[in-house]
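Everything below concerns the one structure shown next.
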Amino acid sequence: MKELTLKQIAEWCGGRLPPEYAALTITGVQSDSRHVRAGDLFVALKGERTDGHVYVKKALADGAVAALVDRPMPGLPVIEVEDTLRAYGAVARGYRNLLGIKVVGITGSVGKTTTKEMTACALEKSFRTAKTEANHNNQLGLPMTIMDMPEDTQLAVLEMGMNHAGEMEYLASIAQPDYAVITNIGTMHIEHLGTREGILQAKLEITTGLPSDGVCVFNGDEPLLWNIRSIGEHRKYYYGIENSACDVVASDLQELDDGMRFCVTGFGHQFELFVPVMGRHTVYNALAAVTVALLLHVKPEKLQAQLCSFHNTGMRQKIYTKNGVTIIEDCYNAGPESTEAALNVLAGIKTEGHRIAVLGDMLELGNRSAAEHYRIGRLAVKAADMLFTYGHHSLRIITGAVTGGMNPKNAEHFDTHEDLAHMLKMRVNEGDVVLFKGSRGMKMERVLQMFLKEET
-12 MKELTLKQIA
-2 EWCGGRLPPE
8 YAALTITGVQ
18 SDSRHVRAGD
28 LFVALKGERT
38 DGHVYVKKAL
48 ADGAVAALVD
58 RPMPGLPVIE
68 VEDTLRAYGA
78 VARGYRNLLG
88 IKVVGITGSV
98 GKTTTKEMTA
108 CALEKSFRTA
118 KTEANHNNQL
128 GLPMTIMDMP
138 EDTQLAVLEM
148 GMNHAGEMEY
158 LASIAQPDYA
168 VITNIGTMHI
178 EHLGTREGIL
188 QAKLEITTGL
198 PSDGVCVFNG
208 DEPLLWNIRS
218 IGEHRKYYYG
228 IENSACDVVA
238 SDLQELDDGM
248 RFCVTGFGHQ
258 FELFVPVMGR
268 HTVYNALAAV
278 TVALLLHVKP
288 EKLQAQLCSF
298 HNTGMRQKIY
308 TKNGVTIIED
318 CYNAGPESTE
328 AALNVLAGIK
338 TEGHRIAVLG
348 DMLELGNRSA
358 AEHYRIGRLA
368 VKAADMLFTY
378 GHHSLRIITG
388 AVTGGMNPKN
398 AEHFDTHEDL
408 AHMLKMRVNE
418 GDVVLFKGSR
428 GMKMERVLQM
438 FLKEET
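Start counting the sequence shown at -12; every next residue gets the next number (the numbering used here).
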C-alpha cells in the first residue's frame, strides 16, 4: 500500500493522536497481531473470544509503528477512537479516495463471488486491478481489501455482502463504488429481512455510495430489479437472457462438457463467448462482468481471450475426477437459488453412472425453510438418482424427494459427517457423478474430504 502518516490516519478516522507521533509513517495495516510486520498499523479489534487491545504491546514489539485503539494507552504511539472497527472503515474510505481509483461494487443473493472473480478476470488486462480475496466482503473484510491494494491500483472489484438492513449502506459508504452490480434477489437472509422486497431494499443500499454520475448494472431477468429501472437518479444498465429489452443479452446458449458457450449482444457489439464453468447461472455471472467491461470500453476480443481461461475460486463449483468419480465441489454456501442451479449442473453432466446429490441445510431462511427444503427435494428427483442429506432442515429435502417419486432406498438422511461419508464410500462407484452442496455452516467439504480419504 501507499505510505501514510499517522496524521493522515487520525484525520480520516477522527482519532486522537499525540502530536509527537504525527509524522510517523506506516506501510501496511493489520488486525491480527500474529501477522504484524514492520511498518504496520495494528488495529485492535474486539472479537467474540479475544480483545486485540491485549496484543497492542506485542504488536509494537514485533514492528508495528502504531496501534488504533479505543482506550487511552499513555506513552505508546496510538490513535484513540470510539470504535476501532468503524475507524478502520473510515481509514479505508480515506485510502480509497486518496488512490483516486474506479470501484466496481458487487452484491446479490447468489453468485456475487463468481461474478466478482469474472469481472476482475475481464478487466485485469486493461487496468491494474485489485479485487476482494477469499470472503472478505463484510465490515472487517472490506477495509482489509482496500488497505491491501497496491498504490498503483487503477480499478478495484469489491464484493459486498450483508445479512441485515443498513449493513450495505455502511459498506457502500466505505467503497463508494462507481459501478454498482446486483446479481439477483433471492431468499438468502430472508430470516432477517422478512421478504424478497425487503432483500431488494437492503441490496439497493449499495447505490447510496454511488456518485451522481455512478452507474447501476442489474440483472434484467429479475422482475424486482427490472421494475425499478425508472426509479432513482443513477443510470441503469441491464443484462439478461430472457428479457430481450436488456442492454446486454445472451442468446444461443450451449451447455458443453467443459463449460457454457453463448452469443452476447449489447452496446453495438455482437460476439461469441465461452466460459469454462457449467450451468445457466454461469451465463448471468459472465453477463454482469461483460456489461461492466463494455461500459469501461474493454474490447470484445479481449473479453473472449480473458474469460475463456477463467478459473473459479475457493469451494465454488469445481468439477474434477478422482478415483473414477466426477466430483462437483460447491461447498462454499447454499440457498434455494444456488442449490437449484447446482442440481441443474448435476443433471446436465453426461454419465453412464449414477448422479448423486449430497446436500446440507440451507440456513437463514426463517419461516420459509421447510417449504424451500421440500421444494429442493422435489427438484432433486429430476436431477439425481440418489440423494443423501445432512442437517436438521434437510430432512425436508428427503420428504420432498420421496413424495416426488424417488425410491426411499435411494434417499437417506444422516446426522453426522462421518456416517454420511461412510455411506458414500459404499454406494458410489466409478463413473458416478457426485454433487456436494450446503450452507457454509454445514461444512460439507468435510464430507467430501472424508469420502476422498483425505481426512480420517
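Just so you know, even glycine gets a beta-carbon here, dropped at the ideal spot from N, CA and C.
Cβ neighbour criterion (16 or more within 10 Å) applied to residue i
i: Met413; result: exposed
i: Val41; result: exposed
i: Arg3; result: exposed
i: Ala388; result: buried
i: Pro164; result: buried
i: Cys295; result: exposed
i: Arg342; result: buried
i: Asp402; result: exposed
i: Ala107; result: buried
i: Ser20; result: buried
i: Ala48; result: exposed
i: Asp239; result: exposed
i: Thr390; result: exposed
i: Arg24; result: exposed
Residue i versus residue j: straight-line alpha-carbon distance, rounded
i: His151; j: Gly15; result: 30 angstroms
i: Gly425; j: Gly322; result: 8 angstroms
i: Met431; j: Val421; result: 13 angstroms
i: Lys(-11); j: Pro137; result: 7 angstroms
i: Gly428; j: Gly392; result: 29 angstroms
i: Thr386; j: His380; result: 11 angstroms
i: Ile93; j: Val168; result: 5 angstroms
i: Gly196; j: Leu282; result: 19 angstroms
i: Met147; j: Lys396; result: 42 angstroms
i: Asn122; j: Leu158; result: 14 angstroms
i: Arg115; j: Ala109; result: 12 angstroms
i: Ser325; j: Glu67; result: 43 angstroms
i: Phe423; j: Leu86; result: 41 angstroms
i: Glu111; j: Val144; result: 10 angstroms
i: Glu442; j: Asn310; result: Any answer about Glu442 is weak, because its pLDDT of 46 lies below 50 and its placement is not dependable; what the coordinates show is given next. So the alpha carbons of these two residues sit roughly 16 angstroms apart.
i: Glu229; j: Arg36; result: 49 angstroms
i: Pro287; j: Arg216; result: 26 angstroms
i: Gly201; j: Gly255; result: 21 angstroms
i: Met410; j: His400; result: 10 angstroms
i: Val262; j: Gly219; result: 33 angstroms
i: Val270; j: Asn320; result: 19 angstroms
i: Arg433; j: Leu243; result: 30 angstroms
i: Ala189; j: Arg183; result: 10 angstroms
i: Ser160; j: Glu154; result: 10 angstroms
i: Lys369; j: Asp419; result: 16 angstroms
i: Asp234; j: Thr252; result: 8 angstroms
i: Val91; j: Leu72; result: 23 angstroms
i: Gly76; j: Ser356; result: 34 angstroms
Short Cβ contact (8 angstroms threshold) for residue i with residue j
i: Cys0; j: Ala74; result: yes
i: Ile191; j: Ala162; result: Position check: residue 191 holds Leu in this sequence, whereas Ile was assumed. Going by C-beta atoms, Leu191 is not nearer than 8 angstroms to Ala162.
i: Ala292; j: Met105; result: no
i: Ala53; j: Pro64; result: yes
i: Thr170; j: Gly246; result: no
i: Leu28; j: Leu55; result: yes
i: Asp208; j: Gly185; result: no
i: Leu290; j: Leu260; result: yes
i: Arg58; j: Ile133; result: no
i: Ala9; j: Lys33; result: no
i: Thr119; j: Val204; result: no
i: Ile177; j: Thr140; result: no
i: Ile315; j: Ala334; result: no
i: Val264; j: Gln304; result: yes
i: Arg383; j: His360; result: yes
i: Thr313; j: Thr338; result: yes
i: Thr101; j: Asn299; result: yes
i: Asp406; j: Gly378; result: no
Reduced DSSP category for residue i - H, G, I as helix; E, B as strand; rest coil
i: Phe438; result: helix
i: Ala237; result: strand
i: Thr170; result: coil
i: Thr443; result: Note on Thr443: pLDDT 39, under 50, position unreliable in the model; the coordinate value appears next. The answer is coil: DSSP assigns Thr443 none of H, G, I, E or B.
i: His380; result: coil
i: Lys33; result: strand
i: Gln(-5); result: helix
i: Gly15; result: strand
i: Val345; result: strand
i: Gly391; result: coil
i: Gly364; result: helix
i: Met247; result: strand
i: Arg24; result: coil
i: Met60; result: coil
Proximity test, residue i beta-carbon vs the ligand MN heavy atom, cut-off 7 angstroms
i: Glu(-10); result: You won't find the ligand MN in this model; it holds no ligand whatsoever.
- Task: May I have a chain-ordered list of the beta strand (DSSP E) segments no shorter than 3 residues that lie completely inside the segment 254 to 336?
- Result: 256 to 262, 305 to 309 and 312 to 317
- Task: Identify every run of the beta strand (DSSP E) within the segment 74 to 145, keeping only runs that are complete inside it and at least 3 residues long; order them along the chain.
- Result: Segments of the beta strand (DSSP E) lying fully in the segment 74 to 145: 89 to 94 and 116 to 118.
- Message: Restricting to runs no shorter than 3 residues, where is the beta strand (DSSP E) found entirely within the segment 192 to 233?
- Response: 202 to 206 and 222 to 227
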